[in-house]
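Here the structure comes first, spelled out in structure tokens, and everything after it is commentary.
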Amino acid sequence: MNNVLLINVSRHAQVSQANQLALERVTSLRQRYPNLKLVERDLGANPLPPLGSDYAHGLTTTMPLNAPLFDRRFTYLQGVVFGEAAIRAAVEEARTALSTEPLFNNLVRA
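Just so you know, we're using this note's numbering here: the sequence shown kicks off at 4 and counts up by one.
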């Protein structure tokens, strides 16, 4: 194992309990894999931009089922935000992915 992708979406950033738990997991993985590289994406600090006209057009346009948009390993929105090459590289390099999004995120916001 060489890389871990940690995606943090908490408004509380580094002090969130989920992020602390994920970092503890990374620490335990580093004991087993000393050369482990941590790749972090903090969507709480750098949120996704507002949806634009391209996204609205995509929702209202008929798309053939064999279009790259429906590739399970890649989504259109991620490609728009981060660039297709960057997303593919991050996912392919990461053998383990940790996400700090709350399981009941909709209830937390309510």
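Every residue, glycine too, gets a C-beta built ideally from N, C-alpha and C.
Take residue i and list the residues in its own chain whose beta-carbon comes closer than 7 Å to its own, dropping the five residues that flank it on each side.
i, result
"LEU41", "VAL7, LEU9, VAL29"
"GLY55", "none"
Cα separation between residue i and residue j?
i, j, result
"HIS15", "LEU24", "14 Å"
"GLN17", "GLU27", "12 Å"
"ASP57", "GLN34", "45 Å"
"SER31", "ALA48", "25 Å"
"GLU43", "THR65", "35 Å"
"PRO53", "ALA92", "24 Å"
Confirm, please, whether the CB-CB distance from residue j to residue i is below 8 Å.
i, j, result
"ASN11", "ASN22", "yes"
Leaving out the 5 sequence neighbours to the left and right, which residues in its chain are closer than 6 Å to residue i when beta-carbon positions are compared?
i, result
"ALA88", "none"
"GLN20", "none"
Only counting the same chain, and skipping five residues up and downstream in sequence, which positions put a Cβ closer than 8 Å to that of residue i?
i, result
"ARG46", "At residue 46 the sequence reads Leu, which differs from the Arg that was named. Result list for LEU46: ILE10, ASN11, VAL12, in chain order."
"ALA113", "Only weak support is given to the placement of ALA113: the predicted model assigns it a pLDDT of 47, under 50, and the value that follows is read from those uncertain coordinates. Correct list: empty, nothing qualifies."
### Query
Can you list the beta strand (DSSP E) stretches of 3 or more residues lying completely in the region 23 to 53, in chain order?
40 to 45
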